[in-house]
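Step one of this worksheet: look at the structure below.
2 protein chains.
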Amino acid sequence: MKKEKTTIHDIARKLNITASTVSRALKDHPRISVETKKAVQKAAQKLNYQPNHIAAALRNGRSNIIGVIVPTADRSFFSSVIRGIEEVANSAKYNVMICQTYDSYEKEIASIDALLNARVDGIIVSYSKSTLNFDHYNRVKERGIPLILFDRSNDELEVSHVVIDDFLGAFKATEHLIQQGCKRIAHFTNTRKISIYKERLRGYRDALEQHGLTYDESLIVASDLQLEDGRRSMTQLLDKKPDGVFSASALGILGAMQVLKENNYKIPDDVALVGFSNEAFTSFTEPALTTVEQHSMRIGNAAAEIFLQEVTADSEKFIPQKIVLKPELIIRSSSLRKK
Amino acid sequence: MKKEKTTIHDIARKLNITASTVSRALKDHPRISVETKKAVQKAAQKLNYQPNHIAAALRNGRSNIIGVIVPTADRSFFSSVIRGIEEVANSAKYNVMICQTYDSYEKEIASIDALLNARVDGIIVSYSKSTLNFDHYNRVKERGIPLILFDRSNDELEVSHVVIDDFLGAFKATEHLIQQGCKRIAHFTNTRKISIYKERLRGYRDALEQHGLTYDESLIVASDLQLEDGRRSMTQLLDKKPDGVFSASALGILGAMQVLKENNYKIPDDVALVGFSNEAFTSFTEPALTTVEQHSMRIGNAAAEIFLQEVTADSEKFIPQKIVLKPELIIRSSSLRKK
Numbered sequence: 001m002k003k004e005k006t007t008i009h010d011i012a013r014k015l016n017i018t019a020s021t022v023s024r025a026l027k028d029h030p031r032i033s034v035e036t037k038k039a040v041q042k043a044a045q046k047l048n049y050q051p052n053h054i055a056a057a058l059r060n061g062r063s064n065i066i067g068v069i070v071p072t073a074d075r076s077f078f079s080s081v082i083r084g085i086e087e088v089a090n091s092a093k094y095n096v097m098i099c100q101t102y103d104s105y106e107k108e109i110a111s112i113d114a115l116l117n118a119r120v121d122g123i124i125v126s127y128s129k130s131t132l133n134f135d136h137y138n139r140v141k142e143r144g145i146p147l148i149l150f151d152r153s154n155d156e157l158e159v160s161h162v163v164i165d166d167f168l169g170a171f172k173a174t175e176h177l178i179q180q181g182c183k184r185i186a187h188f189t190n191t192r193k194i195s196i197y198k199e200r201l202r203g204y205r206d207a208l209e210q211h212g213l214t215y216d217e218s219l220i221v222a223s224d225l226q227l228e229d230g231r232r233s234m235t236q237l238l239d240k241k242p243d244g245v246f247s248a249s250a251l252g253i254l255g256a257m258q259v260l261k262e263n264n265y266k267i268p269d270d271v272a273l274v275g276f277s278n279e280a281f282t283s284f285t286e287p288a289l290t291t292v293e294q295h296s297m298r299i300g301n302a303a304a305e306i307f308l309q310e311v312t313a314d315s316e317k318f319i320p321q322k323i324v325l326k327p328e329l330i331i332r333s334s335s336l337r338k339k
Numbered sequence: 001m002k003k004e005k006t007t008i009h010d011i012a013r014k015l016n017i018t019a020s021t022v023s024r025a026l027k028d029h030p031r032i033s034v035e036t037k038k039a040v041q042k043a044a045q046k047l048n049y050q051p052n053h054i055a056a057a058l059r060n061g062r063s064n065i066i067g068v069i070v071p072t073a074d075r076s077f078f079s080s081v082i083r084g085i086e087e088v089a090n091s092a093k094y095n096v097m098i099c100q101t102y103d104s105y106e107k108e109i110a111s112i113d114a115l116l117n118a119r120v121d122g123i124i125v126s127y128s129k130s131t132l133n134f135d136h137y138n139r140v141k142e143r144g145i146p147l148i149l150f151d152r153s154n155d156e157l158e159v160s161h162v163v164i165d166d167f168l169g170a171f172k173a174t175e176h177l178i179q180q181g182c183k184r185i186a187h188f189t190n191t192r193k194i195s196i197y198k199e200r201l202r203g204y205r206d207a208l209e210q211h212g213l214t215y216d217e218s219l220i221v222a223s224d225l226q227l228e229d230g231r232r233s234m235t236q237l238l239d240k241k242p243d244g245v246f247s248a249s250a251l252g253i254l255g256a257m258q259v260l261k262e263n264n265y266k267i268p269d270d271v272a273l274v275g276f277s278n279e280a281f282t283s284f285t286e287p288a289l290t291t292v293e294q295h296s297m298r299i300g301n302a303a304a305e306i307f308l309q310e311v312t313a314d315s316e317k318f319i320p321q322k323i324v325l326k327p328e329l330i331i332r333s334s335s336l337r338k339k
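Protein chains in written order, with the UniProt record's numbering: chain P, 1 to 339; chain Z, 1 to 339.
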């Protein structure tokens with residue numbers, strides 16, 4: 001059981017004065033004598049009085065907390081976005097609290113409720129892969145709490161969002177493989193048809209077509225894009241003889257690399273590899289993996305900056321913004337063939 | 001500016017009834033007629049009335065939130081601990097909110113304040129490397145909110161903590177290198193003298209002494225144990241000709257491996273390597289890295305279980321617990337010599 005908290009009434013009783021005198025003394029009100037203020041402070045300390053910040057938050061409607069909801073905080077992409085959010089938020093005296101959904105729709109709803117319960121001033125979200133509808137986000141909007149989406153976005157919600165140009169990232173990745181001489185480029189996509197994966201598939205397809213290569217459906221494998229999925233997808237593709245693979249995830253391409261090495265293929269000469277998302281491990285593998293860098297710190301900065309604008313703006317006049325950042329291809333040895 | 005929230009007074013005004021009638025109608029009070037209840041519900045919906053959960057939390061003193069404070073959530077160790085906490089917490093209908101300190105003492109204090117402000121029911125912490133004193137934790141204790149430490153613990157605070165046996169982990173790691181034939185084993189330790197690193201150093205030293213090897217201070221390098229530190233430490237040690245390295249971190253041993261490979265040393269035959277903490281990348285490197293697995297999921301489970309016991313116990317009777325888990329050595333090719 002929790003200890004009973006000391007209130008201003010306890011202090012008042014102890015000093016035989018009114019609660020309102022205690023309250024004013026604690027606020028350093030000019031009408032209260034110095035002696036009374038000292039007595040109140042002494043009693044407050046003795047009784048271990050803690051001003052009720054929650055009640056204060058209730059009055060001024062602010063907690064100085066920004067809630068951040070991500071699938072998991074342990075992927076480089078998300079942890080860098082959070083770092084970017086904290087950078088901007090902390091300099092404006094906001095604290096950041098993170099909820100993880102593990103890509104579960106139910107956990108996402110629970111996280112929204114918990115953050116509203118914690119009276120956050122704003123919520124920044126990359127929604128779960130399994131999110132079915134957006135009613136819980138409407139609850140946030142209806143309360144007038146700034147809501148900003150990043151990475152995975154949704155136009156219907158009419159809120160600000162910060163994304164990278166997934167199409168362009170995939171286009172650059174695929175074009176690079178073509179420039180390295182690849183003619184049969186496979187693609188790992190996600191079974192879930194959320195926009196980021198659709199855009200990456202479209203970028204891949206467009207690059208092939210612009211360079212006169214045929215789009216071959218038998219070279220596309222859909223999965224959850226985790227390490228084991230990448231291994232399975234690559235195993236399944238071996239007899240299709242691809243000479244390049246572009247995966248919409250970093251773990252997927254790592255799985256492909258493991259299988260290729262186990263089967264004595266040379267990387268990048270037999271099969272050149274490019275992944276998506278510049279996870280830390282991609283530079284530690286041998287050969288190091290070429291990946292699409294999403295400028296995740298900057299995504300976080302931008303999301304927090306929009307929050308700061310929105311929280312101080314007149315809500316009637318605030319217009320949701322869409323910020324699209326350009327990704328960059330980090331070329332490493334998994335795709336760079338010696339000419 | 002935030003939208004003005006609809007209150008029960010707005011509904012009362014609209015229907016020309018009293019606020020207390022509205023309140024009782026919303027609570028389905030038997031003394032209120034069905035028609036009035038229907039009218040109130042309709043008006044509540046129309047005016048987008050949201051019951052004030054914060055006020056409710058204030059009354060019943062619960063938010064069903066557990067706050068977790070970690071240096072960063074993107075290291076395997078911490079993310080697994082959090083996963084372990086969520087596993088137990090969610091099944092007991094608690095939500096988890098994470099604050100990151102990036103090992104800053106100031107951010108740790110701000111995180112404690114933010115979590116108290118969010119009215120969490122308990123706080124689970126691995127405190128920052130730079131924490132100087134524990135006053136902010138006393139604030140948590142004084143409010144009667146369960147506080148549990150993990151990994152980095154402190155006996156003075158008299159709260160429950162869950163740790164692994166760092167001494168044993170380091171002892172096993174060093175003994176393994178000795179069994180592989182290493183005679184000059186270097187050790188990377190942390191410059192900050194917090195207990196986990198002191199225990200790992202002690203385990204290393206004890207293993208050497210028990211196996212009749214001399215403890216040689218010139219083979220100990222202290223740093224922040226990040227990747228670049230590992231590289232620098234190894235470079236500095238090369239002319240000391242170590243035949244084994246045990247690092248108190250995973251990134252540190254990765255740095256050592258990179259430098260050894262660049263200088264054409266054979267791993268494990270010339271120098272055998274063991275790290276600490278089974279980070280994901282340790283199994284992706286070549287050779288894969290031997291590390292000490294800290295059973296981080298179980299640390300999280302145990303911390304959350306203590307919270308559940310403490311939150312339901314009579315605080316006068318609850319006795320802080322210390323749980324020590326046994327680490328395990330995961331032997332991979334970076335240390336396993338062919339005999």
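Every residue gets a Cβ at the ideal spot worked out from N, C-alpha and C, and that includes glycine.
Treat the numbers as computed from the prediction; the structure is a model and nothing was measured.
On the DSSP bridge assignment, give the partners of residue i in chain order.
{"i": "Z/ILE323", "result": "Z/VAL162"}
{"i": "P/GLU328", "result": "P/GLU293"}
{"i": "P/ARG263", "result": "Checking the displayed sequence, the identity of residue 263 of chain P turns out to be Asn instead of Arg. None, per the DSSP bridge assignment."}
{"i": "P/ASN16", "result": "P/ASN16 pairs with nothing; no bridge assigned."}
{"i": "P/MET97", "result": "P/GLY67"}
{"i": "Z/LEU149", "result": "Z/VAL125 and Z/HIS161"}
{"i": "P/SER283", "result": "Answer is none; P/SER283 lacks a bridge partner."}
Against chain P, does residue i count as a neighbour if the rule is that its beta carbon must be under 7 Å from one of theirs?
{"i": "Z/ALA89", "result": "no"}
{"i": "Z/ASP10", "result": "no"}
{"i": "Z/CYS99", "result": "yes"}
{"i": "Z/ILE330", "result": "no"}
{"i": "Z/ALA114", "result": "yes"}
{"i": "Z/GLU106", "result": "no"}
{"i": "Z/GLU142", "result": "yes"}
{"i": "Z/SER333", "result": "no"}
{"i": "Z/ASN264", "result": "no"}
{"i": "Z/ALA110", "result": "yes"}
{"i": "Z/ASN48", "result": "yes"}
Taking the C-alpha atoms as reference points, what is the distance between residue i and residue j?
{"i": "Z/LEU213", "j": "Z/GLY300", "result": "37 Å"}
{"i": "Z/ASP166", "j": "Z/ILE196", "result": "6 Å"}
{"i": "Z/LYS107", "j": "P/PHE134", "result": "33 Å"}
{"i": "Z/HIS53", "j": "P/GLN41", "result": "Bear in mind that a pLDDT of 48 at Z/HIS53, under 50, signals an unreliable position, so the number given afterwards is only what the model happens to contain. So the alpha carbons of these two residues sit roughly 32 Å apart."}
{"i": "P/ASN48", "j": "Z/MET257", "result": "54 Å"}
{"i": "Z/ASN90", "j": "P/VAL96", "result": "21 Å"}
{"i": "P/SER20", "j": "Z/ALA19", "result": "26 Å"}
{"i": "residue 376 of chain Z", "j": "Z/ALA186", "result": "There is simply no residue 376 of chain Z to check, as chain Z begins at 1 and stops at 339 in what is shown."}
{"i": "P/LYS322", "j": "Z/GLU199", "result": "51 Å"}
{"i": "Z/LEU132", "j": "Z/LYS193", "result": "12 Å"}
{"i": "Z/ILE306", "j": "P/VAL271", "result": "51 Å"}
{"i": "Z/SER104", "j": "Z/ILE69", "result": "12 Å"}
{"i": "P/ASN138", "j": "Z/PRO71", "result": "33 Å"}
{"i": "P/LEU58", "j": "P/LEU116", "result": "Note that P/LEU58 has pLDDT 47, beneath the 50 cutoff, so the model's placement of it is unreliable and no number is given."}
{"i": "Z/ALA248", "j": "Z/PHE188", "result": "6 Å"}
{"i": "P/THR285", "j": "Z/ILE145", "result": "45 Å"}
{"i": "Z/ASP239", "j": "Z/ILE253", "result": "18 Å"}
Cβ of residue i within 7 Å of Cβ of residue j?
{"i": "Z/THR291", "j": "Z/ILE330", "result": "yes"}
{"i": "P/SER296", "j": "Z/ASP74", "result": "no"}
{"i": "P/LEU273", "j": "P/SER334", "result": "yes"}
{"i": "Z/ILE11", "j": "Z/SER23", "result": "no"}
Is the CB of residue i under 7 Å away from at least one CB in chain Z?
{"i": "P/PHE284", "result": "yes"}
{"i": "P/ALA118", "result": "yes"}
{"i": "P/ASP74", "result": "yes"}
{"i": "P/SER79", "result": "yes"}
{"i": "P/HIS53", "result": "The predicted position of P/HIS53 is uncertain, since its pLDDT is 48 and thus under 50; a value taken from the coordinates is nonetheless stated next. Chain Z contact via Cβ: present."}
{"i": "P/SER63", "result": "yes"}
{"i": "P/PHE134", "result": "no"}
{"i": "residue 360 of chain P", "result": "Residue numbering for chain P in the displayed model covers 1 to 339; residue 360 of chain P lies beyond these limits and cannot be assessed."}
{"i": "P/ASN95", "result": "yes"}
* Could you tell me whether the region 199-213 of chain P touches the region 224-240 of chain P, using the rule of 3 or more Cβ pairs below 8 Å? => no
Check whether the region 230-247 of chain P touches the region 166-183 of chain P, counting contact only when three or more Cβ pairs, one atom from each stretch, lie closer than 8 Å. yes
**Asked** Are three or more beta carbon pairs between the region 155-175 of chain Z and the region 320-327 of chain Z nearer than 8 Å?
**Response** yes
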